[in-house]
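To start, the structure itself, in structure tokens.
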Amino acid sequence: MIAGFAAREKRGRLEAFQYDPGPLGAGDVEIAVSHCGLCHSDLHLVDDAWNRSSYPLLPGHEIVGTVVACGPLARELRPGQRVGVGWQRGACMQCDLCVAGQENLCPEQQATCLGHPGGLAERVRVDARFAFPLPEELDGAAAAPLLCGGITVYAPLRRFGVGPHSRVAVVGIGGLGHLALMMLRAFGCEVTAFSTSPSKRAEALEMGAHHFAATTEAKAVLEHAGKFDLVLSTVHARLDWTTFLRTLRPRGTLCLVGSPPGLLQIPASLLVTGERAIAGSDIGGRAQIREMLQFCARHRLAPRLETLPMTEENVNLAVERLRENRVRYRAVLTR
């Protein structure tokens, strides 16, 4: 039996829970969990915000731990190896997307904690091909949020060719946004932070932003009209997207990594004139996750964390702090 913490109903409190994992799959590994981060996706799953959850639901998909058992076909890893696991636990590995290294877009992809028990537990099992050896330079607590939050912001920076020549804005300086600031600084970009919290100005500048603007007034945003090659939005709230489109240079892109509710209403003229674009981005493939981990190790990038021992009281405290947007900037449970 494996012990963890699960919600037994929609928006339910996480309670002690045990499950029988059955035989270890031929290509799977079992990992003793040492660290597990929490992100808004875990909150959405507990609350069934996507209408995809089933209960009991054991969340957690920013996992660091040690391999303790390998299936006979899991030749990529060995017992005793320190690894990380993110949102994705498997894919078909045969379709054109998988063959092209875009496993995150596979129509048969499997999520680590959606339909499977996640990482808020003593142990977790996943396809060995989706457990990533961690560079020695990365601390376990710091590495955990990189497996989801880190790759979520890193992938679009690579996709849109960000480099020292780029001028980039980050909208929302929270769990994702603060990681984006650090990465963009390492890329050598000119970086602007947009936030509804003026109190975050000093921290945003320290983490990598050259400029800061509060977004409570459209005027403060429009002072940057025609400036950015890329605007990376990390928020889950409705915003004035037309105003943010006006901050793009010709052929600039507004990329959403957060998923705001409702429909986006955009004047077509802003896209046609200047050939601007709106895009979305969803984690990254396996090769890109490995690259991101090496990038963070090389540049010594580490999220700002709140760490708590993985107890029933603490996992619920972390969930509530996340729900109330009081985490600065990532929450990690430790064993």
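Quick note: the sequence shown uses the working numbering, first residue 7, plus one each step. We treat Cβ as the ideally placed atom computed from N, Cα and C, and that holds for glycine. In this text, all values refer to a predicted model and were calculated from it rather than measured experimentally.
{"query": "I need the boundaries of the beta strand (DSSP E) containing T222, first residue and last residue.", "result": "Where T222 is concerned, there is no enclosing beta strand (DSSP E), given that its DSSP letter is neither H nor E."}
{"query": "In three-state DSSP terms, what is C42?", "result": "strand"}
{"query": "Is the Cβ-Cβ distance between Q94 and Q108 less than 7 Å?", "result": "no"}
{"query": "Extract the residue ranges of the beta strand (DSSP E) inside the region 13-60, only unbroken runs of 3 or more that lie entirely within it.", "result": "20-25, 34-44"}
{"query": "How close, in whole Å, do the beta carbons of P162 and V263 come, if the pair is a contact with beta carbons under 8 Å?", "result": "7 Å"}
{"query": "Would you kindly check if the distance between the Cβ of A134 and the Cβ of E82 is under 7 Å?", "result": "yes"}
{"query": "Answer yes or no: do G71 and L140 have a C-beta to C-beta separation smaller than 7 Å?", "result": "no"}
{"query": "Using the C-alpha atoms, what's the distance from P309 back to R131?", "result": "25 Å"}
{"query": "CB-CB under 7 Å to A149, same chain, minus the five flanking residues each way: which ones, in chain order?", "result": "V70, G90, L140"}
{"query": "Relative to the C-alpha of H242, which residue among A231, R292, G181 is closest?", "result": "G181"}
{"query": "For a test of the three-state rule: what should DSSP assign to G66, helix, strand or coil?", "result": "coil"}
{"query": "What span of residues does the beta strand (DSSP E) with E326 cover, start to end?", "result": "Where E326 is concerned, there is no enclosing beta strand (DSSP E), although the alpha helix (DSSP H) it sits in stretches over 318-329."}
{"query": "In three-state DSSP terms, what is P78?", "result": "coil"}
{"query": "Do S59 and L51 count as a contact pair if the criterion is CB distance below 7 Å?", "result": "yes"}
{"query": "Which residue comes first and which comes last in the beta strand (DSSP E) that contains T340?", "result": "336-340"}
{"query": "If we count the other Cβ atoms within 10 Å of its Cβ and call it buried at 16 or more, is P204 buried or exposed?", "result": "exposed"}
{"query": "Given this structure, state the Cα-to-Cα distance separating R207 from L120, to the nearest angstrom.", "result": "36 Å"}
{"query": "Considering T259, what are the terminal residues of the beta strand (DSSP E) in which it resides?", "result": "254-262"}
{"query": "According to DSSP, V197 sits in a beta bridge with which residue or residues?", "result": "V174"}
{"query": "Got a sec, what are the start and stop residues for the alpha helix (DSSP H) I157 sits in?", "result": "157-165"}
{"query": "Evaluate Y61 with the Cβ neighbour count: other Cβ atoms within 10 Å of its Cβ, from every protein chain shown; 16 or more gives buried, anything less gives exposed.", "result": "exposed"}
{"query": "List the endpoints of the continuous alpha helix (DSSP H) containing V105.", "result": "102-105"}
{"query": "With the cut-off set at 7 Å, would you say R244 and G214 are in Cβ contact?", "result": "no"}
{"query": "Using the Cα positions of A219 and R334, report the straight-line distance between them to the nearest angstrom.", "result": "19 Å"}
{"query": "What residues in its chain sit with their C-beta under 8 Å from that of R19, if we drop five residues either side in the sequence?", "result": "A13, N322"}
{"query": "Please list, in chain order, all residues of the same chain as G268 whose beta carbon is under 8 Å from its beta carbon, the five residues on each side excluded.", "result": "R244"}
{"query": "With 16 as the cutoff for other CB atoms within 10 Å, does W56 come out buried or exposed?", "result": "exposed"}
{"query": "Cα-Cα, which of R296, A127, G146, L44 is closest to R88?", "result": "G146"}
{"query": "Give the secondary structure of I295 by DSSP, where H, G and I count as helix, E and B as strand, and everything else as coil.", "result": "helix"}
{"query": "Can you tell me whether DSSP reads R129 as helix, strand or coil?", "result": "strand"}
{"query": "Examine the ligand MN and report whether any of its heavy atoms sits within less than 6 Å of the Cβ of P29.", "result": "You won't find the ligand MN in this model; it holds no ligand whatsoever."}
{"query": "My guess is that P123 and L64 are in contact by the Cβ rule of under 8 Å, so how many angstroms apart are they, rounded?", "result": "4 Å"}
{"query": "Identify which residue in P113, A32, L270 has its Cα closest to the Cα of A348.", "result": "Outside the shown range of the chain, which is 7 to 341, sits residue 348, and nothing can be said about it."}
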